[in-house]
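Chemist: Residue numbers (this note's numbering): 15 to 290.
Idealized CB from N, CA, C, for every residue including glycine.
Here's what the structure looks like:
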């Protein structure tokens with residue numbers, strides 16, 4: 015099943031809702047510039063095991079409305095809150111990959127954990143991607159300016175090129191899948207250019223330190239140590255120093271798109287965390 019939730023500012027948020035309605039809900043938040051489709055394999059895997067699985071297209075991404083304004087992390091988190099409340103979900107497992115990891119973290123910072131049982135941050139952007147005096151391990155602003163230019167100039171080509179480091183296809187021994195690359199571009203091109211450009215700032219410049227400090231539920235922090243998109247040092251290794259109930263799991267040699275390239279291992283590890 016799929017449907018739309020209309021937010022307070024009139025934006026329609028597309029979501030999929032699969033599995034038994036009485037199952038514990040798992041809500042998946044996708045990375046940039048993708049859509050809910052990035053989670054299809056996980057949604058089927060967990061729905062087959064009795065969970066209710068939900069994934070939404072972030073505003074201006076996928077099938078959700080393409081809006082000119084309010085493409086920022088606070089609004090993403092508020093949209094997620096409205097979705098959770100509209101579906102009346104409780105004891106939710108929140109799972110966020112990359113930008114989605116920022117979204118679910120900001121959700122906790124703004125809306126608390128009254129409806130949340132556990133949190134999973136996968137290759138996630140918190141605490142802060144951008145290099146600053148206080149965050150010397152981050153990436154320089156020039157990196158994100160380059161992402162903006164590539165997306166603005168020729169985003170279909172940029173998305174295609176991005177799949178190479180995203181999935182670690184530039185590493186020795188990597189088996190390149192043209193299908194995975196094509197689907198990344200397909201999902202990216204479903205979104206709106208303006209919202210995707212705004213989202214670059216949202217995922218790179220948002221500071222999640224205060225949000226992470228409010229996390230008071232068991233949290234899985236899972237990251238590849240060869241992630242070329244969100245380097246592990248300023249991300250997962252910093253996050254686990256802030257979240258008191260965090261469990262760190264590092265995939266040696268794994269890339270940013272490990273939910274795809276290490277799909278079976280990831281699904282099993284996430285299931286173990288949820289059931290643990």
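Leaving out five residues before and five after residue 242 in sequence, what residues of the same chain have Cβ atoms less than 6 Å from its Cβ?
Modeler: 179
Chemist: For residue 243, does the three-state DSSP call read helix, strand or coil?
Modeler: coil
Chemist: Using the Cα positions of residue 286 and residue 280, report the straight-line distance between them to the nearest angstrom.
Modeler: When rounded, the distance between both Cα atoms is 10 Å.
Chemist: Going by CA-CA distance only, name the one from 72, 23, 56, 117 that's closest to residue 33.
Modeler: 56
Chemist: Assuming residue 46 contacts residue 127 (C-beta within less than 8 Å), just tell me the rounded distance between them.
Modeler: The pair is not a contact, with the Cβ atoms about 25 Å apart (cut-off 8 Å).
Chemist: Bridge partners for residue 262 per DSSP, in chain order?
Modeler: According to the DSSP secondary-structure assignment, residue 262 is paired through a beta bridge with 235.
Chemist: Go ahead and label residue 193 buried or exposed: buried means 16 or more other beta carbons lie within 10 angstroms of its beta carbon, across all protein chains shown.
Modeler: Exposed, because fewer than 16 other Cβ atoms sit within 10 Å of the Cβ of residue 193.
Chemist: Assuming residue 85 and residue 74 are in contact, meaning their beta carbons sit under 8 Å apart, how far apart are those beta carbons, in whole angstroms?
Modeler: The beta carbons of residue 85 and residue 74 sit about 5 Å from each other, so the pair counts as a contact at 8 Å.
Chemist: So what does residue 177 bridge to, in DSSP terms?
Modeler: Answer by DSSP bridge pairing: none, since residue 177 is not bridged.
Chemist: So, using beta-carbon positions, are residue 19 and residue 97 closer together than 9 Å?
Modeler: The beta carbons of residue 19 and residue 97 sit closer together than 9 Å.
Chemist: Taking the beta carbon of residue 171 as the centre, do at least 16 other beta carbons fall within 10 Å, making it buried, or is it exposed?
Modeler: Residue 171 should be labelled exposed.
Chemist: Beta-carbon separation of residue 141 and residue 270 under 9 Å?
Modeler: Their beta carbons are not under 9 Å apart, which means residue 141 does not touch residue 270 by this criterion.
Chemist: In terms of residue numbering, what span does the alpha helix (DSSP H) encompassing residue 67 cover?
Modeler: It is not in any alpha helix (DSSP H) - residue 67 instead sits in the beta strand (DSSP E) that spans 66-70.
Chemist: Looking at the strands, I want to know which residues DSSP matches up with residue 111.
Modeler: 136
Chemist: Which first and last residues belong to the alpha helix (DSSP H) in which residue 208 is found?
Modeler: 207-219
Chemist: Within 8 Å, do at least three Cβ pairs link the segment 27-43 to the segment 198-214?
Modeler: no
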